[in-house]
Every structure is written in structure tokens, then in C-alpha cells.
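In the UniProt record's numbering, the protein residues as written are 1 to 384.
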């Protein structure tokens, strides 16, 4: 009877202390010290109970350690990096869906693609500014006016690439626009070779016909094919290629990285400048119809919600993708970009009900495969 009472009290004491975040090991020791006259046959039972609980806690701690690292010590998994990849893919996926829904709500190809693209940059910029103003969120950059002037070409190309992409998605299907945008390396190679005097290897040049051939195959039976979608997607590729080269030049400016402070600050400053630079083009092309847009915005919930959501998704996934790519090597970046294209093209097409016939899928596979080969071919050739 005494044995049962003692064990019961010990168990209750352990449970109560666990509920108040106290140490079970400390609890068991207390139960022993508070009963110094306990019979000899009781102490081994308590000590055995304590030993089993210590083993359980040790096993739980080992399991928790493994789950945190993602595996054993020999094969650690970078959980934060995997989270970045997940957020990057998720953000890109939802941006493409909400962006297309906003464009449709505003009238599609004959609607307001430039206005929507500019507002997306503006809303994203407000979010970035909020992070500067919020306490303990993000330190403000200390850039000079000279730094801002040097960043203007990058911001202009950034805004141009975004506006052209949004126009392409308004004129045709998202999946087709993404396939054409996958051919960006072809534009980057031409610019690097002939404009920026950065020679491209013969192996990379040989990969470009594969990329271009895949885009042509994907276009053959495209139900939503429009020349305006194809041309604007190509313009977006050109702007993106120029931006990449100009960004390399700007970031070579002495002390600029330190004055910006972080990747997030660099992206926010670029977004603010891009938004301001896009305003004149919006007024030029769609300024006479802004009253109609305001009326649609007031009376169409689908436009309001999807416009705001697409802006936040766009800003978020671009910032996360920049952080992700800075943490990975060139081959990982190539695989990640390839996987992202496939997920977005197939996933968005299924959600929005866009065509995915055999020829389009074949062209998509060849084109994206060519882009992946283009990204890794130099390393492969050197290894040989």
C-alpha cells in the first residue's frame, strides 16, 4: 500500500511540474529527498522509474536534434534554405495566378496591363518602406544620390522587364509567356558577347538552338497564341538580360554593398526607382483611360484583391529568390530555376484551364532542358 501511494505521488508530482515547465529530473529527485525514511524496496523502484524517464528524455532530445538538422550528422539538411526554396516557388506560383486574374478582371489584353504592373511595383515598394519604418524590422540604407543615379539603369530595366512580362501575360496564356521567358539565356548570350564584351563559350552557343527550337515547338499549337504576347515576352527577356549585366557593373561600385546594407534593401530601392520610372509610360499609354480603371477598381472586388495580392506575392518571391540564389552554387541555381519553370507552367495552366497539349509540353520540355544544359555546360566541358 505504501509502495502504491509513494509511486502515485511521484507520478503526480512529475506531471504537475511538467505542466509548469519544470524539470522532470528535478521532480524525481525532490520526491526522493522528501521521503528519506522510505522503505528500502521503494527506493529501487523510484530510481528505476527515474532511469527509464531519463532514457526517454534522452531519446526524445536525440530525435529533436535529428529533425532540426534534417538527418544524421553526415547528411545535414539546411532547413532555412529549404524554406527559402519553398517560399520562392509558392510565391512565384501564386503571383502568376493572382496576376492573371487581376488582368482578366481589368479587361485582359485591352485592359490596363501597364497600370497594373506599375501598381504592383508601387504596392511592393510601400511594403519595403514599411519594413524600414517598423521598429527592429530592417535597417534603412545609407545610399547617396550618386548611388541612386548609378542604380537608375538597373531600375529602368527591372521596370521594363516587369511591364513587358505583365503585358505578355495579358495578351496570351501564362504558360506560353513563361515558356518564352525561359529563353532569356539566348538574349543574355547575345548581349554579353556583342555589347558587354564578355565572351560566351562555344558550348553555350550550341545550346541556344535547343532553347529556341523548344519555344518554336511550344508555339505551334498554342491556342492563345498572339504575336503581341510573343514579342512582349521577348522584350522582357531583353530587359532582364540588360539588367543582369548592368547590375554586375553597379555592384562593383566601391562601398555600395555596405551602404545598401542587405539584399532586401537593394531590391526595395530598385523597386521604388522602377515604380517612379514606370509612371510616365503608364500616363503615355493608358493615362487617358485611368478614370475607367479607377471605376473598375472601385466596383470589381476581383481586381482589388488580386492586384494587391499579386503585388505582395511578386515583391516577396523576388526578395526570397535573391536570398536563395546567394546561398547556392551555380548548378543548384540552374536546377532550382528549371524546377520553378516546370512547376509554374504546369501548375498555373491546370488552375487557369490553359491548354497543355503534347506539342506544347514537348516544346516546353526541350526549351527548359536546353536552358538547364546552357547553365551547366561549361562545368561539364571543363570536367572532361
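No residue lacks a Cβ here, since even glycine has one placed at the ideal position from N, Cα and C.
Given residue i as reference, the closest of the options once Cα atoms are compared
i: residue 101; options: 142, 133, 171 and 81; result: 171
i: residue 158; options: 340, 315 and 147; result: 315
i: residue 244; options: 84, 192 and 323; result: 192
i: residue 385; options: 232, 274, 366 and 361; result: Given that the chain is displayed from residue 1 to residue 384, the structure contains no residue 385 and the question cannot be resolved.
i: residue 118; options: 197, 103, 163 and 126; result: 163
i: residue 103; options: 241, 120 and 91; result: 120
i: residue 189; options: 358, 237 and 292; result: 237
i: residue 216; options: 382, 301 and 366; result: 366
DSSP state of residue i mapped onto helix, strand, coil
i: residue 195; result: coil
i: residue 259; result: helix
i: residue 98; result: helix
i: residue 140; result: coil
i: residue 292; result: helix
i: residue 350; result: helix
i: residue 378; result: helix
i: residue 78; result: coil
i: residue 327; result: coil
i: residue 357; result: coil
i: residue 115; result: helix
i: residue 173; result: coil
Own chain residues within Cβ distance below 7 angstroms of residue i, not counting five before or after
i: residue 178; result: 341, 344 and 345
i: residue 51; result: A caution first: residue 51 carries a pLDDT of 47, below 50, which makes its placement in the model too unreliable to give a value.
i: residue 370; result: 207, 210, 211 and 214
i: residue 186; result: 208, 211 and 212
i: residue 241; result: 184, 187, 188 and 191
i: residue 321; result: 88
Residues near residue i in its chain [Cβ-Cβ closer than 6 angstroms; skip 5 each side]
i: residue 137; result: 131
i: residue 266; result: 260
i: residue 319; result: 264 and 267
i: residue 182; result: 341, 367, 368 and 371
i: residue 122; result: 275
Nonlocal neighbours in the same chain, by C-beta distance under 8 angstroms from residue i, ignoring five residues either side
i: residue 348; result: 93, 96, 97, 100, 174, 175, 178 and 354
i: residue 326; result: 263
i: residue 350; result: 356
**Prompt:** What runs of the alpha helix (DSSP H), each 4 residues or longer, lie entirely inside the segment 202-244?
**Reply:** 202-220
**Item:** At least three beta-carbon pairs within less than 8 angstroms, the segment 137-155 to the segment 234-250
**Value:** yes
**Asked** Contact between the segment 208-220 and the segment 260-276: three or more CB pairs below 8 angstroms?
**Response** no
**Prompt:** Counting Cβ pairs closer than 8 angstroms, one from the segment 352-368 and one from the segment 192-202, do we hit at least three?
**Reply:** no
**Prompt:** Are three or more beta carbon pairs between the segment 121-128 and the segment 303-318 nearer than 8 angstroms?
**Reply:** Pairwise C-beta distances place the segment 121-128 in contact with the segment 303-318, as three or more of them are shorter than 8 angstroms.
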